[in-house]
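Here the protein sequences come in this chain order: A and B. My numbering applies: residue 640 is where the first sequence begins, and numbers increase by one. My numbering applies: residue -1 is where the second sequence begins, and numbers increase by one. Glycine is no exception: its CB is placed at the ideal position from the N, C-alpha and C atoms. Remember, it's a predicted structure, so these values are computed and weren't measured experimentally.
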Amino acid sequence: MRSERNRSPLGLKIAAAAGLAFMHVPILLIFLYAFTTEEKSYQFPPPGLTTQWFAVAWNRPDVWAALTLSVKVASIATAIALVLGTLCAAAVSQTRLFGRETISLLVILPIALPGIITGIALRSAFSMAEIPFSFWTIVLGHATFCIVVVYNNAVARFRRISGSLIEASMDLGADGFQTFRYIILPNIGTALLAGGMLAFALSFDEVIVTTFTAGQQSTLPIWMLEELIRPRQRPVTNVVAMIVVLVTFLPILGAYYLTRDGDQIAGAGK
Amino acid sequence: MSTAVLFDNVSRHFGAVRAVDGVNLEIAEGEFFAMLGPSGSGKTTCLRLMAGFEQPSGGHIEIFGETAEGVPPYRRSVNTVFQDYALFPHLSILDNVAYGLMVKGVGREERRKAAEDALAMVKLPNYGSRRPGQLSGGQRQRVALARALVNKPKVLLLDEPLGALDLKLREQMQEELKSLQKSLGITFVFVTHDQGEALSMADRIAVFNDGRIQQLGSPEEVYKQPKTRFVADFVGSSNVLPAKLCQKLGVRSAYASLRPEAIALSAPSEGALSLSGTVAAHSFLGAVNRVVVDVDGARIAVASPAALAVPTIGSPVTISFAANELHPMEDA
């Protein structure tokens, strides 16, 4: 009786399968065309399968340049965001400063605005200040939305730290630095890790703001965009895409498990 | 005996709100001192002023002869047991208790031993490896106590520590706190809104209302001789006799207090005072019957032993009491 009642109807199963296929088949196609022997167009089915594109991609210096640039930009933007986002979240959630709600809104705004607006705004600001477009302008551009992600994660966790925990720490003899290190950091650590991972991922595949703030450099997504227009050696792009998927999937999986445990720790005793 | 905590005309204002308004206090070393009052009366703000979480807007605070203004909480020899216990959720019970020693740089072995001793003192030995989330409310309260006491504070501040416990556990903890304070000899300052708790535990009580101390004295004084109508009402629900009745009984001041259990529902014996009225209401409270008598429009509560018969509502009665049970009050 029970198992029959819990069995979902066939229509629902088909709908669910169709939905999943809609989301994931294109990704599988990207993997498939990394092995195709046809390098100019994506015809289906692929005329033959080969692994030669892996070797080709490995030996292309422009792939390495774009990858290194993207990793550097994402790392530095994430590091800036971690510091500023955490400080901002601490100020907004732990104190009653003037215009707190407004500041909170202004911090979140860059992610709500279309990227193109952020891009144009930053580009004209850099031009007016006569800052040449460089590696650092890309980093600054990315940091604007990375801060939001870290801030959002941190502020949610900060709100769950009861104010009396910080007072208890001070009462027991810990100064501000010790309280941050022994009480606040362990409680927000997993939230920062998750926020940092997300910020890194966002920066890593960002196109619009990068287009407006980059000089001659091309980050990995921009390199991919340029590659797709070229009719030669197209599968190299697929190889790179596949590697990017594999490399980013593992840390995101890790972050998921870490924050899941973290929720249990932070939720305990409340 | 020296003074543990001194408040000299201390005020703490939040904008227009006078949370604490001109409080004078002198708590002796080794005393069990209770600050009693309804919520918003300023008692908790006074405790936070002692802990260092608040700074006074005016006046002067001394803790063991040292000026406390401007001294941050982590440089005061005062520890607090918080209302919500504020145990660190990410640390084990042992690390929670050892936290104060850890931040002071005490060695690992030494602080582990001190924390274990403190846990044994609050009757929670072998709980060190657990997490706060795995403990009951009563156990968390004991851990909070151990975490404060392990630092050997000169003054222990307790912010409604028994508020979240059920009645039976509360009575047990009251006794334990009292005997712990006796054996350690540490000054305890205790904030509560429960007058029974304050009366049974404290050496002296300060009754707070509207940021001011209404009365400061021993539990007996506060209970038997309330100075103001507020104290009479808040502590022990004494009757407040209005001017008209005071005049009739020959009391000089405008108001006087009279405790329900000092009144008998019978004709006066030699030298006793009496009033006559009608029974307005009664209710059964277990050990006593609470009978409300209407005397010329004033309602006077009488605690009559349950063994005695209860007069019917509307019947005329005479109430009597010894003259020395009638306490004149300073104001209304």
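CB contact check: G738 (chain A) to chain B, cutoff 9 Å:
G738 (chain A) does not count as touching chain B.
Using a Cβ-Cβ distance under 9 Å, would I904 (chain A) count as near chain B?
Annotation note: pLDDT 40 at I904 (chain A) (below 50); position unreliable, no value reported.
Using a C-beta cutoff of 9 Å, does Y681 (chain A) count as contacting chain B?
False, the Cβ-Cβ gap to chain B never drops below 9 Å.
Should the stretch 210 to 217 of chain B be called in touch with the stretch 55 to 62 of chain B, which here means at least 3 C-beta pairs below 8 Å?
In the pairwise beta carbon analysis, the stretch 210 to 217 of chain B is classified as not touching the stretch 55 to 62 of chain B: fewer than three pairs are separated by under 8 Å.
Mind pulling the chain A residues with CB within less than 8 Å of A84 (chain B)?
Contacts between A84 (chain B) and chain A, judged by CB atoms closer than 8 Å, involve S801, S803, L804, E806, A807 in chain order.
For F62 (chain B), the first and last residue of its enclosing beta strand (DSSP E):
Counting along the chain, F62 (chain B) falls outside any beta strand (DSSP E), and DSSP gives it neither H nor E.
Residues near M640 (chain A) in its chain [Cβ-Cβ closer than 7 Å; skip 5 each side]:
Interpretation of M640 (chain A) is limited by its pLDDT of 47, a score under 50 that renders its predicted location unreliable; the figure taken from the coordinates is listed afterwards. Taken in chain order, the list of residues that qualify is empty.
Once the 5 residues before and after I822 (chain A) are set aside, which same chain residues still bring their CB inside 7 Å of it?
Cβ-Cβ distances below 7 Å link I822 (chain A) to L804, I805, S808 in the same chain, with the five nearest sequence neighbours on each side left out; the list follows chain order.
In the DSSP output, what is S281 (chain B) paired with across the bridge?
In the DSSP output, where bridge partners are listed per residue, S281 (chain B) has B:R288.
Given E24 (chain B) as reference, the closest of B:V15, B:A144, B:E323, B:M48 once Cα atoms are compared:
Among B:V15, B:A144, B:E323, B:M48, the Cα nearest to that of E24 (chain B) is on B:M48.
Kindly list the residues whose CB is nearer than 8 Å to the CB of A241 (chain B), restricted to its own chain and excluding five residues on each side of it in sequence; keep chain order.
Cβ neighbours of A241 (chain B) beyond the five flanking positions: A252, Y253.
Name the chain C residues whose beta carbon is nearer than 7 Å to that of A813 (chain A)?
No chain C appears in the structure shown, which is made up of the protein chains A and B.
Under a CB-based cut-off of 9 Å, is L826 (chain A) close to chain B?
For clarity, residue 826 (chain A) is Asn in the given sequence; the question names Leu instead. So yes, N826 (chain A) belongs to the interface.
Expressed to the nearest angstrom, what Euclidean distance is found between the alpha-carbon atoms of N322 (chain B) and A270 (chain B)?
The C-alpha of A270 (chain B) is placed about 9 Å away from the C-alpha of N322 (chain B).
DSSP three-state call for A2 (chain B): helix, strand or coil?
Looking at A2 (chain B) - three-state DSSP - the assignment turns out to be strand.
So, helix, strand or coil for L156 (chain B), using DSSP?
L156 (chain B) falls in the strand class under three-state DSSP.
Check whether the Cβ atoms of G183 (chain B) and G28 (chain B) sit closer than 9 Å, and answer yes or no.
With contacts defined by Cβ atoms closer than 9 Å, G183 (chain B) and G28 (chain B) form a contacting pair.
So which residues of chain B does I822 (chain A) contact, with C-beta pairs closer than 7 Å?
Within chain B, the residues near I822 (chain A) are F86.
Would a C-beta distance cut-off of 9 Å place V746 (chain A) and V778 (chain A) closer than the cut-off?
Contact check for V746 (chain A) against V778 (chain A) fails: the beta carbons are separated by 9 Å or more.
Excluding the 5 residues flanking R297 (chain B) on each side, which residues of the same chain have their C-beta closer than 7 Å to its C-beta?
Here the set comprises A278, V290.
Can you tell me whether G929 (chain A) is buried or exposed? The criterion is at least 16 other CB atoms within 10 Å of its CB, across all chains shown.
This structure cannot settle anything about residue 929 (chain A), because the visible part of chain A is limited to 640 through 909.
In chain order, what residues of the same chain have a beta carbon less than 8 Å from the beta carbon of I770 (chain A), not counting five sequence neighbours either side?
In its chain, beyond the 5 residues on either side, T776 have a beta carbon closer than 8 Å to the beta carbon of I770 (chain A).
Rounded Cβ spacing between Q53 (chain B) and E67 (chain B) (contact assumed at less than 8 Å)
Sure, about 6 Å apart at Cβ, within 8 Å.
Taking Cβ to Cβ, would you say V238 (chain B) is nearer than 9 Å to V220 (chain B)?
Their beta carbons are not under 9 Å apart, which means V238 (chain B) does not touch V220 (chain B) by this criterion.
Per the contact definition of three or more C-beta pairs closer than 8 Å, is the stretch 757 to 764 of chain A in contact with the stretch 842 to 857 of chain A?
Result yes; three or more Cβ-Cβ pairs closer than 8 Å.
Which runs of the beta strand (DSSP E) spanning at least 3 residues fall entirely within the stretch 159 to 219 of chain B, listed in chain order?
The qualifying runs are 185 to 190, 202 to 207, 210 to 215.
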